[in-house]
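In what follows, a structure is listed as structure tokens, so that the remarks can point back to it.
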Amino acid sequence: MKIPFSPPYINQDVIKEVNSALESGWITTGPKVKLLEELVCKYTLAQNTLCVNSATSGLMLALKWYGIGVGDEVIIPAYTYAATALAVIHVGATPVMVDVEADFNISIKQIEKAITQKTKAIIPVDFAGWPCNYDELLNLLEKKQNIFTPSTENQIKLGRILILSDSAHSIGATYKEQYLGSITDITVFSFHAVKNVTTAEGGAVCLNLPKPFNNQDEYNYLRCFSLNGQTKDAFTKSKAGGWRYDIIYPGLKINMPDILAAIGVAQLPEYFEKTLDTRVNIYEFYHQFFKTKPWAILPPYEDEDKKSSCHLYALRIKGISESTRDTIIEDISKNGVAVNVHFQPLPTLSLFKEMGFNIADYPMAYNNYKCEISLPIYPQLTQEELEYIVSTVANAIESQI
Ligand SMILES: *Cc1c(COP(=O)(O)O)cnc(C)c1O
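Per my numbering, the sequence shown starts with residue 2, numbered consecutively.
Dropping the structure here:
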């Protein structure tokens with residue numbers, strides 16, 4: 002049996018929707034993007050949503066919106082994908098990495114220690130779809146309001162450190178019965194090919210800024226900024242007599258095309274109405290199997306406040322070394338099951354090592370990483386495949402420990 006890690010979920014509805022974009026005579030940013038933005042708002046209850054060409058771009062856009070640049074610090078977890086840090090680096094600011102907890106998510110205690118007068122934003126990451134402790138984070142930032150040093154109009158308006166969630170894994174997850182996207186100041190989802198909902202490449206920036214912000218005004222600004230700072234998008238300009246425009250900001254060019262938005266338009270309703278439940282069922286199947294194994298550390302999935310979007314199943318094995326984990330993965334792969342590791346902590350990657358980050362300063366990130374194996378979750382997996390995955394994984398582990 003050959004089982005891939007995360008093939009995209011493409012059905013006839015997706016093909017029909019993409020064809021309708023192709024046949025419409027309009028293929029870049031236009032009505033399909035608008036519709037996808039409306040659907041994200043409808044399902045997550047975000048105030049406003051802007052679609053862009055990736056989550057990485059969305060994070061950069063949000064950092065620029067908050068006037069973050071050279072000399073500013075942005076706190077991120079050491080346990081994430083590189084894009085979280087690169088977005089900070091691309092706007093000229095300094096990423097400050099902090100350690101995570103045993104549930105893989107950023108440690109609020111470590112954030113508290115890392116906050117300085119230069120801290121302008123925090124980018125928590127909902128690992129594998131498991132929401133961060135958002136109320137604790139907001140309470141901490143309100144407590145630290147006195148050391149926040151605003152230097153732009155938006156910073157003065159918010160009056161505290163910005164919460165910019167990297168929710169690349171967590172569309173559909175809930176925190177205190179609210180969908181992510183409707184909780185933090187700004188939430189960024191990824192629609193990359195391997196994520197729960199995809200547009201091949203893409204991202205969504207959800208706005209829930211508190212008063213006195215008007216989220217619609219901020220959406221209008223961000224939309225213009227994402228299209229070169231041009232006053233008219235190409236769709237509006239394409240109408241007869243619509244030739245004249247102006248450039249009013251030094252914008253980015255990070256808009257999503259309609260062809261790609263069409264994939265998401267077909268996927269999003271089915272995800273919230275059906276395939277998210279399929280993911281939960283797969284997660285529970287893994288749980289039932291691994292909870293009988295004394296060597297297994299089960300990933301967090303549900304408690305009184307949170308429900309995961311079950312992006313992947315982050316299995317850990319008690320007490321094993323990194324090299325034993327690697328041998329186990331080799332064995333699983335030989336038997337045709339594609340697994341992964343989430344994540345290689347940033348301080349183990351060359352770029353960040355050269356910047357001076359040292360994994361020894363992030364013991365929990367290393368402990369999570371060294372014994373972790375991510376198992377696949379996607380709606381196309383059959384019962385037979387799931388049974389093959391758990392027996393292959395368990396045999397590989399039990400032959401090594
Ligand atoms: C996938 C991912 C991203 C990047 O998403 P893109 O849409 O590819 O830019 C960012 N952060 C995390 C945690 C991710 O897993």
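We put the CB at the ideal spot given by N, CA and C, even for glycine.
By Cβ distance below 7 Å, which residues in the same chain neighbour ARG161 in space, the five residues on each side in sequence not counted? These residues qualify, in order along the chain: LEU142, GLU143, GLN146, PHE149.
Span separating the alpha-carbon of ASP362 from that of GLN111: Roughly 11 Å separates the two Cα atoms.
Count the other CB atoms, across all protein chains shown, that sit within 10 Å of the CB of MET365; report buried if there are 16 or more and exposed otherwise. By the 10 Å Cβ count, MET365 comes out buried.
Does any heavy atom of ligand 1 sit closer than 7 Å to the C-beta of THR57? The answer is yes for THR57.
Starting from THR232, trace the alpha helix (DSSP H) both ways and give me its first and last residue. For THR232, there is no enclosing alpha helix (DSSP H), as DSSP marks it with neither H nor E.
For a minimum of 4 consecutive residues, which ranges assigned as the alpha helix (DSSP H) are wholly contained in the stretch 4–75? The stretch 4–75 contains these whole alpha helix (DSSP H) runs: 13–25, 32–45, 56–66.
So, for ILE260: in the same chain, excluding its five sequence neighbours on each side, which residues have a beta-carbon less than 7 Å away from its beta-carbon? Apart from the 5 residues on each side of it in sequence, ILE260 sits with its Cβ closer than 7 Å to the Cβ of VAL19, ALA22, LEU23, ILE28 in its chain, given in chain order.
For a minimum of 4 consecutive residues, which ranges assigned as the alpha helix (DSSP H) are wholly contained in the stretch 305–379? Taking only runs of at least 4 residues, the alpha helix (DSSP H) segments lying wholly in the stretch 305–379 are 323–335, 351–355, 364–371.
How about LYS121 and VAL75: do their beta carbons lie closer than 8 Å? Their beta carbons are under 8 Å apart, which means LYS121 touches VAL75 by this criterion.
Can you list, in chain order, the residues of its chain with a C-beta nearer than 7 Å to that of ILE398? Leave out the 5 residues immediately preceding and following it. Excluding sequence positions up to five before and after ILE398, its CB lies within less than 7 Å of the CB of TRP296, ILE318, ILE329, all in the same chain and listed in chain order.
Near TYR130, which residues of its chain fall below 6 Å by C-beta distance, leaving aside the five closest residues on each side in sequence? The displayed chain sequence assigns Gly, not Tyr, to residue 130. Here the set comprises HIS170, SER171, ALA174, SER309, SER310, CYS311, HIS312.
Looking at the structure shown, is PHE190 part of a helix, part of a strand, or coil, going by DSSP? In the three-state scheme derived from DSSP, where H, G and I count as helix and E and B as strand, PHE190 is classed as strand.
Is the distance from the Cβ of GLY26 to the Cβ of ASN155 below 8 Å? Going by C-beta atoms, GLY26 is not nearer than 8 Å to ASN155.
So does ASP167 have its beta carbon nearer than 7 Å to some heavy atom of ligand 1? Checking every heavy atom of ligand 1 against the Cβ of ASP167, one is found closer than 7 Å.
Please identify the residue among VAL126, GLU202, PHE236 whose C-alpha is closest to the C-alpha of ILE187. For the set VAL126, GLU202, PHE236, the Cα lying nearest the Cα of ILE187 is the one of VAL126.
Can you find the residues in the same chain that come closer than 7 Å, C-beta to C-beta, to MET257, ignoring five residues on each side of it along the sequence? For MET257, where only same-chain residues beyond five positions count, the Cβ hits under 7 Å are THR30, VAL34, CYS52, VAL53, ASN54, THR200, GLY203.
Run of the alpha helix (DSSP H) containing LYS158, from where it starts to where it stops: 154–159 is the span of the alpha helix (DSSP H), which, as asked, contains LYS158.
How is the alpha helix (DSSP H) around PRO270 delimited, first residue to last? That run of the alpha helix (DSSP H) goes 259–271.
When DSSP labels each residue in this structure, what does VAL99 get in the three-state scheme? Annotated three-state conformation of VAL99 is strand, per DSSP.
Closer than 7 Å: TYR82 CB and nearest ligand 1 heavy atom: At least one heavy atom of ligand 1 is found less than 7 Å from the C-beta of TYR82.
Is the beta carbon of GLY204 within less than 7 Å of some heavy atom of ligand 1? Checking the Cβ of GLY204 against ligand 1 gives yes.
Quick check: the Cα distance between ASN216 and ASP14, rounded to an integer number of angstroms? Their Cα atoms are separated by approximately 32 Å.
Residues of its chain near LEU269, where Cβ-Cβ distance is below 6 Å and the 5 sequence neighbours each way are ignored: For LEU269, where only same-chain residues beyond five positions count, the Cβ hits under 6 Å are LEU40, VAL198.
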